[in-house]
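In what follows, a single structure is set out as structure tokens and then discussed.
Residue numbers (my numbering): 1 to 777.
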């Protein structure tokens with residue numbers, strides 16, 4: 001059953017509190033940072049007298065003022081909290097100022113007086129590859145089905161190679177553009193402790209880094225996150241620096257400190273989705289079966305590793321995503337550029353890898369004169385063709401059925417024929433269509449992150465409080481956890497409340513990322529609830545036995561039922577609230593912790609072998625578009641989506657994630673052009689010059705259906721993750737735009753098309769398709 005989001009009323013009425021809404025002490029200080037525009041430089045002199053003397057300024061800090069660790073890198077070192085002797089990218093913070101108001105802090109920060117000595121800077125992936133500049137070593141994985149053959153995976157029969165294509169592709173990044181920007185509030189407490197309110201996907205990382213910066217134990221730092229106004233990966237690692245700076249000032253001044261980034265500072269100082277450069281080859285035989293593939297993927301990591309190791313790995317994992325390739329060579333480069341360090345973004349490298357393969361498949365289909373959908377179908381994983389390029393065996397084969405069902409339900413073939421007729425009649429407008437699949441691995445590829453905990457209390461009046469390590473960023477995680485707890489105890493969801501995520505309630509949690517939030521926290525919450533229910537069931541059985549008397553034996557605990565707010569066994573029945581009250585008076589423990597660690601996952605990064613994913617989530621999307629060949633302007637006429645949710649925990653939340661994920665992917669591949677200038681400065685730095693999708697960019701018709709098939713793995717109620725996979729559904733729209741551009745030249749050429757496919761990019765693709773220009777993007 002679908003129910004509203006647990007904070008829906010608060011969201012629409014404005015009563016749901018975010019960090020910037022929280023009441024703050026009267027003497028709260030506000031933070032701003034000062035920076036220079038040089039991409040790579042040595043700091044010759046930094047004069048801050050004017051900053052310190054500015055009205056309202058209370059404190060100013062530089063790198064030398066940090067009492068503990070300067071580096072706040074989330075995995076590997078390389079991210080100094082404040083610049084120390086050198087600049088690594090334009091807009092890197094040189095100092096921070098705390099003042100009595102937000103405006104005073106902003107004015108003071110602009111009074112910076114700095115001398116820098118510019119150094120040669122690497123600003124592009126191409127330059128980084130030429131200079132062999134990397135934040136971490138490259139990786140190369142090779143897979144050959146014959147050498148990996150097992151009884152269930154026979155060697156592929158000899159095939160006669162028919163067609164081979166090769167190409168290059170550059171895929172631009174994406175700004176997170178969450179509605180709530182980066183923000184943290186630090187409040188000193190008794191005993192030298194700090195309470196940090198942070199808009200973060202990873203409260204435990206914030207706790208760890210704040211403690212490190214201050215040189216104090218983690219138990220003196222409490223991090224709280226009730227909700228975020230969006231995050232999308234941008235608040236997994238990048239939120240910590242704001243909390244660290246706010247905490248540093250709170251530690252020094254003994255006053256509450258808030259650091260809220262203005263939108264422009266957020267866009268130039270925090271990381272984005274990685275740009276990727278790809279070189280690829282792909283071949284198929286005369287029957288359309290893929291023979292081999294070779295790809296080099298180079299991610300634009302920025303100046304430091306941040307989370308780029310896993311991001312490039314996941315791009316490598318998902319290059320072949322839904323398709324069996326018997327021979328494949330994959331190389332991944334983590335290219336260092338003197339730009340802001342890029343970071344997690346919904347899909348975590350997977351979308352970039354998938355786009356390269358889907359673009360290559362269309363090129364191969366065009367070269368081999370094979371219908372693109374047929375080529376895709378022919379090469380889906382299937383029994384006997386079920387081992388990925390990284391050695392994991394695929395165990396569920398639903399995509400073939402999903403593609404058939406979507407093709408039938410959206411009348412794809414008839415509409416495709418109608419589009420061809422339309423194109424034959426119209427010179428200025430051309431339609432395009434595409435249907436593409438998604439297969440996305442679910443789990444953190446760093447094994448130790450696949451764990452979490454929960455704390456559940458049942459109060460004496462029968463109300464239930466749940467706390468878990470996951471964070472709520474609008475995706476409905478807390479709503480799903482309410483459903484999990486209510487189902488275990490058989491009570492109405494209104495009896496359950498999920499509290500703010502807090503590091504002193506559930507310690508050592510993992511980030512809410514990798515689409516694993518419901519999987520991990522749902523199992524932890526369920527386990528805690530089941531412990532309490534077992535105690536209540538034992539107590540209920542004893543109570544029922546006493547009421548039945550000696551004539552009958554005491555019922556078994558396993559026979560007790562929790563349903564519709566009542567607890568029953570045989571003819572004995574009592575309300576849940578009454579049973580809990582009686583259990584409290586009988587001194588039954590009504591609180592429990594739950595813990596869950598995802599089983600089976602493991603991976604050898606250097607060998608490129610293992611099982612990095614617990615299972616796969618699937619999807620399919622069919623897109624129809626129309627373009628104006630004279631301008632490149634286009635409209636998305638219709639998109640039909642069929643998405644695999646397993647046994648959905650909450651259908652309304654899942655549908656919202658599917659729609660939102662698709663639209664965000666649409667922005668990445670159509671309107672959101674992330675650009676730097678020749679000096680390494682982000683120039684798409686505001687809503688005025690960075691276009692996220694609006695209601696007018698949405699497909700005129702968007703149909704979403706759920707594919708319901710229980711997850712073969714024993715996840716929480718056999719559900720599947722629905723956070724990241726839907727973003728990749730938008731690849732079908734990009735492919736449809738390319739098909740429409742090709743139609744302008746009667747499909748003689750499948751033109752290059754940039755990502756994002758802005759109207760300008762579509763215009764140049766049309767020019768290439770018609771032979772009017774060879775200068776396509």
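Glycine included, C-beta positions come from ideal geometry on N, C-alpha and C. Remember, it's a predicted structure, so these values are computed and weren't measured experimentally.
- Item | Contact check, residue 180 vs residue 18, beta carbons under 7 Å | Position 180 of the chain shown, counted from the start, is the residue given in the question as residue 180. Position 18 of the chain shown, counted from the start, is the residue given in the question as residue 18. Yes.
- Query: Helix, strand or coil: which one does DSSP assign to residue 123?
  - Reply: Against the chain shown, residue 123 aligns to sequence position 123. Residue 123 sits in coil when the DSSP states are folded into three classes, being neither helix nor strand.
- Reference residue 247; option with closest CA among 218, 522, 214: Along the chain shown, one-based indexing puts residue 247 at 247. Nearest of 218, 522, 214 to residue 247, Cα basis: 214.
- Message: With distance defined between alpha-carbon atoms, name the residue in 163, 135, 41, 735 nearest to residue 369.
- Response: In the chain shown, residue 369 corresponds to position 369, counting from 1. Check the Cα spacing between residue 369 and each of 163, 135, 41, 735: the tightest is with 163.
- Task: Indicate whether the contact test is met: 3 or more Cβ pairs, each with one atom in the segment 409 to 429 and one in the segment 331 to 350, closer than 8 Å.
- Result: In this structure the segment 409 to 429 does not touch the segment 331 to 350; the number of beta carbon pairs closer than 8 Å is below three.
- Item | Through-space distance from residue 331 to residue 778, alpha-carbon basis | No statement about residue 778 is possible, as the shown extent of the chain runs from 1 to 777 and does not include it.
- Message: Quick check on the DSSP output: the beta strand (DSSP E) that includes residue 429 runs from which residue to which?
- Response: Along the chain shown, one-based indexing puts residue 429 at 429. Where residue 429 is concerned, the enclosing beta strand (DSSP E) starts and stops at 429 to 442.
- Query: Shortest alpha-carbon distance to residue 522 belongs to which of 641, 603, 649?
  - Reply: The residue given as residue 522 occupies position 522 in the chain shown. Closest option to residue 522, Cα to Cα, is 649.
- Does the distance from the C-beta atom of residue 425 to that of residue 630 stay below 7 Å? Translated into positions along the chain shown, residue 425 becomes position 425. Translated into positions along the chain shown, residue 630 becomes position 630. Not in contact: residue 425 and residue 630 (Cβ atoms no closer than 7 Å).
- Query: Exposed or buried, which one is residue 694 when buried takes at least 16 other CB atoms within 10 Å?
  - Reply: As a working mapping, residue 694 is identified with position 694 in the chain shown. When all chains shown are included, residue 694 counts as exposed.
- Note down, in chain order, each residue of its chain lying with its Cβ closer than 6 Å to the Cβ of residue 202, except the 5 sequence neighbours on either side. The residue you call residue 202 lines up with position 202 of the chain shown. The answer, listed in chain order, is 236, 511.
- Item | CB contact below 7 Å: residue 194 versus chain B | Here chain B cannot be found, since the structure has a single protein chain.
- Please state whether DSSP places residue 611 in a helix, a strand or coil. Counting from 1 along the chain shown, the entry for residue 611 is found at position 611. In the structure shown, residue 611 sits in a strand (DSSP, three-state: E or B).
- Query: Whose CA, out of 578, 376, 492, lies closest to the CA of residue 287?
  - Reply: As a working note, residue 287 is residue 287 in the chain shown. Closest by C-alpha distance to residue 287, out of 578, 376, 492, is 376.
- Query: DSSP three-state call for residue 588: helix, strand or coil?
  - Reply: Position 588 of the chain shown, counting from 1, holds the residue named residue 588. For residue 588, the three-state secondary structure derived from DSSP is coil.
- Item | CA-to-CA distance, residue 555 to residue 272, given in whole angstroms | Here residue 272 corresponds to residue number 272 of the chain shown, with the count starting at 1. Here residue 555 corresponds to residue number 555 of the chain shown, with the count starting at 1. Their Cα atoms are separated by approximately 59 Å.
- Query: Between the Cα of residue 334 and the Cα atoms of 275, 326, 592, which residue gives the shortest distance?
  - Reply: Taking the chain shown and counting its residues from 1, the one referred to as residue 334 is at position 334. Here the closest residue by C-alpha is 275.
- Taking just the CA atoms, how far does residue 620 sit from residue 324? Sequence index remark: in the chain shown, residue 324 carries index 324 (1-based). Sequence index remark: in the chain shown, residue 620 carries index 620 (1-based). For residue 324 and residue 620, the distance between alpha carbons rounds to 17 Å.
- Kindly list the residues whose CB is nearer than 6 Å to the CB of residue 27, restricted to its own chain and excluding five residues on each side of it in sequence; keep chain order. In the chain shown, residue 27 corresponds to position 27, counting from 1. Excluding its 5 nearest sequence neighbours in each direction, residue 27 has C-beta neighbours in its own chain below 6 Å: 255, listed in chain order.
- So what's residue 686 in DSSP terms, helix, strand or just coil? On the chain shown, residue 686 is found 686 positions in, with the first residue counted as 1. The answer is coil: DSSP assigns residue 686 none of H, G, I, E or B.
- Should residue 638 and residue 724 be called a contact, given that it needs their Cβ atoms to be closer than 7 Å? Within the chain shown, the letter at position 638 stands for residue 638. Within the chain shown, the letter at position 724 stands for residue 724. With a cutoff of 7 Å on beta-carbon distance, residue 638 and residue 724 are scored as not near each other.
- Message: Would residue 740 and residue 625 qualify as a contact pair, given that the criterion is a beta-carbon distance under 7 Å?
- Response: Here residue 740 refers to the residue found at position 740 of the chain shown. Here residue 625 refers to the residue found at position 625 of the chain shown. Taking 7 Å as the Cβ cut-off, residue 740 and residue 625 qualify as a contacting pair.
- Query: Leaving out the 5 sequence neighbours to the left and right, which residues in its chain are closer than 6 Å to residue 165 when beta-carbon positions are compared?
  - Reply: Your numbering for residue 165 matches position 165 in the chain shown. If you ignore the 5 residues before and after residue 165, its C-beta comes within less than 6 Å of the C-beta of 282, 363, 364, 367, all in its own chain and listed in chain order.
- Determine the extent of the beta strand (DSSP E) in which residue 853 is found, giving its start and end residues. This structure gives no information on residue 853, because the portion of the chain shown stretches from 1 to 777.
- Item | Residue range of the unbroken beta strand (DSSP E) whose run includes residue 200 | One-based indexing of the chain shown puts residue 200 at position 200. Careful: residue 200 lies outside any beta strand (DSSP E) and carries neither H nor E.
- Query: Which same chain residues, not among the five before or five after residue 480, have their C-beta less than 7 Å away from its C-beta?
  - Reply: Residue numbering aside, residue 480 sits at position 480 when the chain shown is read from its first letter. Counting only Cβ-Cβ distances below 7 Å, and skipping sequence neighbours, we find 518, 522, 649, 650, 653.
- Can you grab the Cα-Cα spacing for the pair residue 498 / residue 681, in whole Å? Locating residue 498 in the chain shown gives position 498, where the first residue counts as 1. Locating residue 681 in the chain shown gives position 681, where the first residue counts as 1. Their backbone Cα atoms lie some 42 Å apart in a straight line.
- Task: Go ahead and pull the three-state DSSP assignment for residue 224.
- Result: Taking the first residue of the chain shown as 1, we reach residue 224 at position 224. Assigned with DSSP and collapsed to three states, residue 224 falls in strand.
- Item | Where the alpha helix (DSSP H) containing residue 244 begins and where it ends | Within the chain shown, residue 244 is the residue found at index 244, counting from 1. Per DSSP, residue 244 is one residue of the alpha helix (DSSP H) stretching across 240 to 253.
- Query: Whose C-alpha, out of 716, 436, 229, is nearest the C-alpha of residue 622?
  - Reply: Your numbering for residue 622 matches position 622 in the chain shown. Selected option, being the one with the closest Cα: 436.
- Item | Helix, strand or coil at residue 42 according to DSSP, with G and I counted as helix | On the chain shown, residue 42 is found 42 positions in, with the first residue counted as 1. In the structure shown, residue 42 sits in a strand (DSSP, three-state: E or B).
- Message: On the DSSP letters alone, give me the boundaries of the beta strand (DSSP E) that residue 768 sits inside.
- Response: Here the question's residue 768 lines up with position 768 in the chain shown. It is not in any beta strand (DSSP E) - residue 768 instead sits in the alpha helix (DSSP H) that spans 759 to 769.
- Can you tell which of 38, 524, 3, 606 has its C-alpha closest to the C-alpha of residue 268? Position 268 of the chain shown, counted from the first residue, corresponds to residue 268. Among 38, 524, 3, 606, the Cα nearest to that of residue 268 belongs to 38.
- What is the residue span of the alpha helix (DSSP H) that residue 36 lies within? Taking the chain shown and counting its residues from 1, the one referred to as residue 36 is at position 36. Element bounds for residue 36: n/a, residue is neither H nor E.
- For residue 289, which three-state DSSP category applies? The count along the chain shown starts at 1 and reaches residue 289 at position 289. In the three-state reduction of the DSSP assignment, residue 289 falls in the coil class.
- Message: Per the DSSP calculation, residue 300 is bridged to which residue(s)?
- Response: Walking along the chain shown from the start, residue 300 turns up at place 300. For residue 300, which the question treats as bridged, DSSP gives the partners 335.
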